[in-house]
Amino acid sequence: LAKTTQPISMDSYEGQEVNITCSHNNIATNDYITWYQQFPSQGPRFIIQGYKTKVTNEVASLFIPADRKSSTLSLPRVSLSDTAVYYCLVGTPADSGAGSYQLTFGKGTKLSVIP
Amino acid sequence: GAGVSQSPSNKVTEKGKDVELRCDPISGHTALYWYRQRLGQGLEFLIYFQGNSAPDKSGLPSDRFSAERTGESVSTLTIQRTQQEDSAVYLCASSLSGASYEQYFGPGTRLTVT
Chain A
488 LAKTTQPISM
498 DSYEGQEVNI
508 TCSHNNIATN
518 DYITWYQQFP
528 SQGPRFIIQG
538 YKTKVTNEVA
548 SLFIPADRKS
558 STLSLPRVSL
568 SDTAVYYCLV
578 GTPADSGAGS
588 YQLTFGKGTK
598 LSVIP
Chain B
37 GAGVSQSPSN
47 KVTEKGKDVE
57 LRCDPISGHT
67 ALYWYRQRLG
77 QGLEFLIYFQ
87 GNSAPDKSGL
97 PSDRFSAERT
107 GESVSTLTIQ
117 RTQQEDSAVY
127 LCASSLSGAS
137 YEQYFGPGTR
147 LTVT
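Residue numbers (our numbering), protein chains in the order written: chain A, 488 to 602; chain B, 37 to 150.
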């Protein structure tokens, strides 16, 4: 399973764009990159996933360079309600035949949005 | 529609007792996962069920931990002879299939072993 490294914590003011970078140097060919968000006392919530280049949805953007050894989650114009822990995960689905699918959650990045 | 539900929400038990945690996945989701989250830590994978296939038990920390799933519905995680280090939040998640990257998590069961 590919190991991921991301900053332990980040602070940002309301209205700013926040970029959280995750390193995954030993990502495998079949691995996808997925980001989850977790609020206190809740289970994680899927934000976005991608394989390469750029993916955008209504919540965030995910930038993945050509070598795929890192990825950056971009949150536009954050608000206080974006204060949460953000997890970067790398993995391959079980049904792809590559083995069991396990989401390996590290400690994540604790984002604190300041008024 | 209804999300993933778990019960109980909180459980306090004495060391050495057995506990059973329940998870009701989203209807139609064939894949189900159990994770453990210790205070201030990330999630630790425990076990994965996909349809009628044999479960992936590679994350279970000891033989005191076991889990069952009835078809593609309810799952129970059982911890026998609980120890204080078992204290954590136990999270259940389900997804449409094992090929789906989007897992839907329940609120978790907070287990405290005294």
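For glycine and all other residues, C-beta sits at the position ideal for the given N, C-alpha and C.
Every value quoted in this text rests on a predicted model; they were computed, and no experiment measured them.
Tell me, to the nearest whole angstrom, how far the beta carbon of residue i is from that of residue j; I am working on the premise that it is less than 8 Å.
{"i": "residue 117 of chain B", "j": "residue 100 of chain B", "result": "6 Å"}
{"i": "residue 505 of chain A", "j": "residue 598 of chain A", "result": "6 Å"}
{"i": "residue 145 of chain B", "j": "residue 75 of chain B", "result": "Residue 145 of chain B to residue 75 of chain B, Cβ: 14 Å. No contact."}
{"i": "residue 595 of chain A", "j": "residue 573 of chain A", "result": "6 Å"}
{"i": "residue 147 of chain B", "j": "residue 122 of chain B", "result": "6 Å"}
{"i": "residue 42 of chain B", "j": "residue 134 of chain B", "result": "About 20 Å separates the two Cβ atoms, so there is no contact after all."}
Is the distance from the Cβ of residue i to the Cβ of residue j below 8 Å?
{"i": "residue 547 of chain A", "j": "residue 561 of chain A", "result": "yes"}
{"i": "residue 49 of chain B", "j": "residue 149 of chain B", "result": "yes"}
{"i": "residue 493 of chain A", "j": "residue 507 of chain A", "result": "yes"}
{"i": "residue 62 of chain B", "j": "residue 130 of chain B", "result": "yes"}
{"i": "residue 81 of chain B", "j": "residue 591 of chain A", "result": "yes"}
{"i": "residue 541 of chain A", "j": "residue 549 of chain A", "result": "yes"}
{"i": "residue 521 of chain A", "j": "residue 536 of chain A", "result": "yes"}
Does the beta-carbon of residue i have 16 or more other beta-carbons within 10 angstroms, so that it is buried, or is it exposed?
{"i": "residue 495 of chain A", "result": "exposed"}
{"i": "residue 45 of chain B", "result": "exposed"}
{"i": "residue 584 of chain A", "result": "Any reading at residue 584 of chain A must be qualified, since the residue scores a pLDDT of 46, below 50, and its modelled position is unreliable; no value is offered."}
{"i": "residue 578 of chain A", "result": "buried"}
{"i": "residue 136 of chain B", "result": "buried"}
{"i": "residue 69 of chain B", "result": "buried"}
{"i": "residue 518 of chain A", "result": "buried"}
Cβ contact (3+ pairs, closer than 8 Å) linking the segment 101-117 of chain B and the segment 81-93 of chain B: yes
At least three beta-carbon pairs within less than 8 Å, the segment 495-515 of chain A to the segment 557-567 of chain A: yes
Beta strand (DSSP E) runs wholly inside the segment 509-536 of chain A, at least 3 long, in chain order: 519-525
Runs of alpha helix (DSSP H) lying entirely within the segment 58-140 of chain B, each at least 4 residues, in chain order: none
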